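Enquirer:
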Amino acid sequence: MDMKQLRYFVMVAEELSFSRAAEKLNMSQPPLSLHIKLLEEELGVQLLNRTRREVKLTDAGAVFLRESRLLLGQMRTAVGAAVRAAQSDAGVLRLGVATSALFNVLPRFLAMIKAAYPGVEVSVADMQSHDQVSAVTHGQMDIGIVHVRPDRSKLMRVPILREPLAVVLPLGHRLATGDFALSELAEEPMVSLARESGPAVFDAIVASCYEAGFSPSFKHTARNPLTIFQMVRLGFGVALVPRAYASSAYPGVCFRELAGTAGQVRMEAIWSDKHASDLTRRIATQLLPRLAEPD
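Straight run, no breaks: the sequence shown in this note's numbering ends on number 332.
1. When you compare each of Ile73, Arg106, Val269, Arg131 to His175 by their alpha carbons, which one comes out closest?
2. Excluding sequence positions up to five away, which residues of its chain have a Cβ less than 6 angstroms from the Cβ of Arg57?
3. Going by DSSP in three states, Leu130 sits in which element: helix, strand or coil?
4. Going straight from the alpha carbon of Ile376 to that of Thr114, what length do you get?
5. Taking all protein chains shown into account, do 16 or more other C-beta atoms lie within 10 angstroms of the C-beta of Pro262, making it buried, or fewer, making it exposed?
6. Could you spell out where the beta strand (DSSP E) holding Val47 opens and where it closes?
7. Buried or exposed for Tyr45, please, with buried defined as at least 16 other CB atoms from any protein chain shown within 10 angstroms of its CB.
8. Do you know how far the Cα of Met164 is from the Cα of Pro207?
9. On the DSSP bridge assignment, give the partners of Leu76 in chain order.
10. Which term fits Val116, buried or exposed, when burial requires 16 or more other beta carbons within 10 angstroms of its beta carbon?
11. Let me know the secondary structure DSSP gives Tyr163 once reduced to three states.
12. Tell me Met230's beta-bridge partners as DSSP assigns them.
13. Answer yes or no: do Ala306 and Ile150 have a C-beta to C-beta separation smaller than 8 angstroms?
14. Take Val173 as the anchor and find which of Ala321, Tyr282, Leu230 has the nearest alpha-carbon.
15. When you compare each of Leu143, Val47, Gln301, Ser166 to Arg106 by their alpha carbons, which one comes out closest?
16. If we ignore side chains and look at the alpha-carbon of each, how far apart do Ser285 and Phe140 end up?
17. Which stretch, first to last residue, makes up the beta strand (DSSP E) that contains Pro201?
18. What is the DSSP secondary structure of Lys311, counted as helix, strand or coil?
Rendered as structure tokens:
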């Protein structure tokens, strides 16, 4: 049995006439009758009652007509989906993002994808950078937006931006207003993202403090930004975080930008040439370079 036989049967069943069905199918009647006969023999049931005057569906034929219509409809849907996928205007893009990318980079990237590939569904996961590297490497994620750290992975990379750090202070802190330098945090207890949760961010914070002439005094650690903000609000210390977090408008704290280029975290997009679908490859090569911000 093949799809052609189903199409022939549906046409005969709808017309209840071999001659009219053959005309619509642009074929002669004898081959059409043969196809229907072979189909009935393969199924082992009679689908049509034929007389010289009329053609009628049997009970089995009526059931088979209903299911055949469904199957042919599913086939048309499958063909359409395959064609759209081949044209890279449909499909699912699995996207991992570092938390700070949610505030600025991700909205811009989603807008680009929607404009260029409106048929694409994007599945977003907030993931730590090292988890994204593993997921992209093993084909479990299509594109990752990560904070850069040295590694030996053989992934394709597109630099996106150098993100400045900002200081998180409780409201009413002596440094909450007026100009200040990073070195003024030297005597302040600090709340930090645990290194295992964000090695690139942690290392950038430590390096920035060293450049400012002091070693940071990390009294408390957290695994996510909201915990950091709440600990700062409760007076456990101050914190350095990627500047994009300032968009969170967390109550009870204020965000202060650092002067000049003091403290930066690099962000880049990664994808696997080995596992990339045609859709991923086109988005990665066409859109990711446009996502990059000039230095």
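Glycine included, every Cβ here is placed at the ideal spot set by N, Cα and C.
This structure is a prediction, so every number in the text was calculated from the model and none was measured.
Expert: Looking at the atomic coordinates:
1. In the sequence shown, the residue the question calls residue 175 occupies position 138. Nearest of Ile73, Arg106, Val269, Arg131 to His175, Cα basis: Arg131.
2. The residue given as residue 57 occupies position 20 in the sequence shown. For Arg57, where only same-chain residues beyond five positions count, there are no Cβ hits under 6 angstroms.
3. Position 93 of the sequence shown, counted from the start, is the residue given in the question as residue 130. Strand at Leu130.
4. Limits of the chain in this structure are 38 at one end and 332 at the other, which puts residue 376 out of reach.
5. Counting from 1 along the sequence shown, the entry for residue 262 is found at position 225. Result: buried.
6. Numbered from 1 along the sequence shown, position 10 holds the residue referred to as residue 47. From DSSP, Val47 is part of no beta strand (DSSP E) but of the alpha helix (DSSP H) over 40-52.
7. Locating residue 45 in the sequence shown gives position 8, where the first residue counts as 1. Its Cβ being crowded by 16 or more others within 10 Å, Tyr45 is buried.
8. Locating residue 207 in the sequence shown gives position 170, counting from the first residue. Locating residue 164 in the sequence shown gives position 127, counting from the first residue. When rounded, the distance between both Cα atoms is 27 angstroms.
9. Stepping through the sequence shown from its first residue, residue 76 is reached at position 39. Paired residue(s): none; Leu76 is not in a bridge.
10. One-based indexing of the sequence shown puts residue 116 at position 79. When all chains shown are included, Val116 counts as exposed.
11. As a first step, residue 163 must be located in the sequence shown, where it is residue number 126. Note that residue 163 is Asp in the sequence shown, not Tyr. Three-state result, Asp163: strand.
12. Position 193 of the sequence shown, counted from the first residue, corresponds to residue 230. Reading off the sequence, residue 230 comes out as Leu, not Met. In DSSP, Leu230 forms a bridge with Ala259.
13. Locating residue 306 in the sequence shown gives position 269, where the first residue counts as 1. Locating residue 150 in the sequence shown gives position 113, where the first residue counts as 1. No.
14. Sequence index remark: in the sequence shown, residue 173 carries index 136 (1-based). Measuring from the Cα of Val173, the nearest candidate turns out to be Ala321.
15. For the purposes of this step, residue 106 is identified with residue 69 of the sequence shown, where counting begins at 1. The residue with the shortest Cα to Cα distance from Arg106 is Val47.
16. As a first step, residue 285 must be located in the sequence shown, where it is residue number 248. As a first step, residue 140 must be located in the sequence shown, where it is residue number 103. When rounded, the distance between both Cα atoms is 8 angstroms.
17. Here residue 201 corresponds to residue number 164 of the sequence shown, with the count starting at 1. Counting along the chain, the beta strand (DSSP E) containing Pro201 begins and ends at 193-207.
18. For the purposes of this step, residue 311 is taken as the residue at position 274 of the sequence shown. The answer is coil: DSSP assigns Lys311 none of H, G, I, E or B.
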